[in-house]
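Trainee: If you want this note's numbering, it's the 1-based position in the sequence shown plus 1452.
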Amino acid sequence: MPHLHPDDCARYWDDGFLTPIDVIDPDEATALRTDLESLEATWLNADLPHPLNTYKRVNAHLVMPLACRIGCDPRLLDPVESILGPDILIWSIEFFIKEPRTEAIVSMHQDLTYWGFGAIDGLVTAWLALSPATPASGCMDFVRGSHKNPILPHDDTHDARNLLSRGQEIRVDIAETDKTPIELRPGQMSLHHGLTIHGSGPNHSDDRRIGAVIRYCRPDIAQKAGARDYAIIARGADRDAHFISVAPPTEPFSPSSLRLYDEVRRAQAQVLMNGASQDARGLYA
Ligand SMILES: O=C(O)CCC(=O)C(=O)O
């Protein structure tokens, strides 16, 4: 997929999301899934400082070269460039995985609520399917046009089934009819704005539901709620230096990347848990 057609860009800005975008072919997506699953098998019982799930779920780009290989792929960056412009940072990469026939959900929320950047346009999330994302497997649902809202009040549910840090849920009822299910086959991605209301239901299918989720941002956004934040330069240049620039890891879970992971974790925990109703139980769960 080359850079986005202007009509597609206009749709992104009107709807707060764009989907589906064909980025890599299904076989290649399946090969990425195989790489992820062999990494899981190798590292599950490796006595890492945190559970393996923690590293997959938050800031995987700091310790897993595979995450950066995906996030820095020009086929993902090209469409993102149409939205963000030529200078693109990666703030975070996460693997959102729902095991087959499990009840894990993501409550309806706006991403920017707790990230400390404010209500900005300069951050876009790419959600790349590494397995089929369908209503049965718990694909995301987006609320069209909801990014035109400010950051709305959220409540912390701390629901153990919730994959979000605080189980944060938007304090407004979203009618089922207002949700657009985002079906993706392996190798397709969606893009969504940081204010778009979204969530996802349980995986009732027999396969894992795996999304590689990359948070791309422009260098001119800045962390306002914490002392510092970190990012990788994926394309172009960072002339603003609002983020501490980090390099992609060269091997999985190296001692230096594990140290960096905890440094970033400490800095971001202060921001993410601002005003939380409980301790950071699930911040990196
Ligand atoms: O993978 C999911 O179901 C939700 C992911 C999500 O909330 C996000 O990418 O912002």
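Cβ atoms here follow ideal geometry from the backbone N, Cα and C, with glycine treated the same way.
Using the three-state DSSP reduction, which class does Thr-1450 fall into: helix, strand or coil?
Mentor: The structure shown does not extend to residue 1450, since the chain is modelled only from 1453 through 1737, so no value can be given for it.
Trainee: Report yes if the CB atom of Val-1665 is closer than 7 Å to the CB atom of Trp-1543, and no otherwise.
Mentor: Their beta carbons are not under 7 Å apart, which means Val-1665 does not touch Trp-1543 by this criterion.
Trainee: Near Ala-1674, what residues of its chain come up, given a Cβ to Cβ distance below 6 Å and the 5 sequence neighbours on each side ignored?
Mentor: Answer for Ala-1674: His-1694, listed in chain order.
Trainee: Would you say Trp-1567 touches ligand 1, meaning its beta carbon is less than 6 Å from a heavy atom?
Mentor: No, the Cβ of Trp-1567 stays beyond 6 Å of every heavy atom of ligand 1.
Trainee: If you drop the 5 nearest sequence neighbours on each side, which residues of the same chain put their C-beta closer than 6 Å to that of Cys-1446?
Mentor: In the structure displayed, the chain extends from 1453 to 1737; residue 1446 sits before or after that span and is not available.
Trainee: Please list the terminal residues of the continuous alpha helix (DSSP H) segment that includes Tyr-1464.
Mentor: Start and end: 1458 to 1467.
Trainee: Measure from the alpha carbon of Lys-1600 to the alpha carbon of each residue in Ala-1571, Ser-1490, Gln-1720, then state which is nearest.
Mentor: Selected option, being the one with the closest Cα: Ala-1571.
Trainee: Count Cβ pairs between the stretch 1513 to 1520 and the stretch 1617 to 1624 that sit closer than 8 Å; are there 3 or more?
Mentor: Flag = no, the stretch 1513 to 1520 and the stretch 1617 to 1624 do not touch.
Trainee: Would DSSP call Ile-1535 helix, strand or coil?
Mentor: Ile-1535 falls in the helix class under three-state DSSP.
Trainee: Quickly, what does DSSP pair Ala-1585 with across the bridge? List them, please.
Mentor: Beta-bridge pairing links Ala-1585 to Leu-1636.
Trainee: Do Val-1576 and ligand 1 come close, with the Cβ less than 6 Å from some heavy atom?
Mentor: Val-1576: no, Cβ never under 6 Å from ligand 1.
Trainee: Label Thr-1648 either buried or exposed according to how many other C-beta atoms from any shown protein chain fall within 10 Å of its C-beta, with 16 as the threshold for buried.
Mentor: Buried, since its Cβ has 16 or more Cβ neighbours within 10 Å.
Trainee: In the DSSP assignment, what are the bridge partners of Leu-1643?
Mentor: For Leu-1643, which the question treats as bridged, DSSP gives the partners Leu-1470, Ala-1578.
Trainee: Using 10 angstroms around the beta-carbon of Asp-1593, count the other beta-carbons present and answer buried if the total reaches 16, otherwise exposed.
Mentor: When all chains shown are included, Asp-1593 counts as buried.
Trainee: Comparing the CB of Asp-1563 with every heavy atom of ligand 1, is any distance shorter than 6 Å?
Mentor: For ligand 1, at least one heavy atom lies less than 6 Å from the Cβ of Asp-1563.
Trainee: List the residues that DSSP assigns as beta-bridge partners of Phe-1548.
Mentor: Beta-bridge pairing links Phe-1548 to Gly-1663.
Trainee: Pick out whichever of Asp-1525, Thr-1554, Trp-1465, Asp-1474 has its Cα sitting closest to the Cα of Ser-1427.
Mentor: Outside the modelled stretch of the chain, which goes from 1453 to 1737, sits residue 1427, for which no answer is possible.
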